[in-house]
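Below is one structure; the comments refer to it alone.
Number of protein chains: 2
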Amino acid sequence: MSKYKNDYSKQFSEMFKALSNEHRLEIFLYLAKNCFPGELSTDKEMRASVGKLGEGLGIAPSTISHHLKELRQSGLIRMERKGKTIECWIEPDTLEDLIQFFQQAKGGK
Amino acid sequence: MSKYKNDYSKQFSEMFKALSNEHRLEIFLYLAKNCFPGELSTDKEMRASVGKLGEGLGIAPSTISHHLKELRQSGLIRMERKGKTIECWIEPDTLEDLIQFFQQAKGGK
DNA sequence: TTTATATTTCGACATATATCGAATTATAAA
DNA sequence: TTTATAATTCGATATATGTCGAAATATAAA
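Going down the list, the sequences are from chains A and B. Residues 1 to 109 in our numbering are what the first sequence spells out, letter by letter. Residues 110 to 218 in our numbering are what the second sequence spells out, letter by letter.
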């Protein structure tokens, strides 16, 4: 088997690691559904606070914070302080990159 | 944040875990490129042995074996003994599932 | 300025993961 | 049947991960 790593393998494997935890995947899916920016990226409704994201997951705030850090560091989400809370939303380019990653793998190109 | 897990979250998080390791991702990409079944699924060239997949990765055969088991258990690849060797190939449906997973996430549906 | 709220950082700990080499199993070849 | 090849399983070990609670930090409210 010849080397089949490209320059992005490391980056993609880090995104997959971020999504390999069920709590992080759930957060990611929630953000993808509710907080995908675009036409209304400045609208408060398009973003979710750390506290909001923690609701219903049954884990400590410090753990949520840890998970969000992982999602951010892998390039899947963005975070920005807004007053007392910190707002989170999906990094839109990365979602498209992931689709292309698997389409290319499927195409065998 | 409301629960956003669906019935498949667990299964997807396991695939992402399998792809979170650089060695496994490399194996997966190699198989996707070279061993995607279809019109020639019985052709020897469409499959790769465990030994072949280990070449050039610089890790022990037992470790390759471990990684392939993870890829198989997560549903990303298939394996079948053929004489002395064990042949590996991509599970084609799963690749399409992954594309749809991210397309759906992007669509916000 | 003091207090309350939201979040992060730190230190600890239990569990999971990646890896190896040795031993084992399965098959084919001599 | 004995030997060689391919791959897996096992046991060990070092490192990484998920989690918590306590303490620290940032901001807003009183």
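We put the CB at the ideal spot given by N, CA and C, even for glycine.
Item, Value
"Under the three-state DSSP convention, the category A/A48 falls into", "strand"
"Between the CA atoms of B/E123 and A/L57 - distance to the nearest angstrom", "19 Å"
"Spatial distance of A/R114 from A/S65 (CA atoms)", "Any question about residue 114 of chain A goes unanswered here, given that chain A covers just 1 to 109."
"Any 3 or more C-beta pairs closer than 8 Å across the segment 126 to 139 of chain B and the segment 3 to 13 of chain A", "yes"
"Chain-ordered chain A contacts of B/G184 [CB-CB under 8 Å]", "In chain order: nothing, as chain A lies at least about 14 Å away."
"Buried/exposed call for A/E39, threshold 16 Cβ in 10 Å", "Caution is warranted here: a pLDDT of 45 is assigned to A/E39, below 50, making its placement in the model unreliable, and the coordinate value is therefore given only provisionally. The residue in question, A/E39, is exposed, as its Cβ has fewer than 16 Cβ neighbours within 10 Å."
"Beta-carbon separation (whole angstroms), B/G160 vs B/T203, contact threshold 8 Å", "In fact, because the Cβ distance is near 24 Å, the residues do not count as touching under 8 Å."
"Per-residue DSSP class, three states only, for B/K191", "strand"
"Span separating the alpha-carbon of B/K191 from that of B/C144", "15 Å"
"Per-residue burial, A/S2 [other beta carbons within 10 Å of its own, 16 or more giving buried]", "exposed"
"Contact with chain A by B/Q212, beta-carbon distance below 8 Å", "yes"
"Distance between A/A48 and B/C197 (C-alpha atoms, nearest Å)", "43 Å"
"8 Å contact criterion, which A/L98 and B/F211 should meet: CB distance rounded", "5 Å"
"B/A214 burial status per 10 Å Cβ neighbour count (16 or more: buried)", "buried"
"Pairwise C-alpha distance: B/P170 and A/K33", "42 Å"
"C-alpha distance - A/T42 paired with A/I90, whole-angstrom precision", "Low local confidence applies: a pLDDT of 46 at A/T42 is under 50, so the model's placement there is unreliable, and no value is given."
"With 16 other Cβ atoms within 10 Å as the buried cut-off, status of A/Y30", "buried"
"Best match in B/G216, B/R133 and B/M155 for proximity to B/L177 [C-alpha to C-alpha]", "B/R133"
"Exposure of B/G216, with buried meaning 16 or more beta-carbon neighbours within 10 Å", "exposed"
"Alpha-carbon to alpha-carbon, A/Q100 and B/Y113", "24 Å"
"Closer than 8 Å to chain A by CB, B/G167", "no"
"Contacts around A/G75, its chain only, beta-carbon distance under 8 Å, and the 5 residues preceding and following it disregarded", "Q11, E14, M15, E91 and T94"
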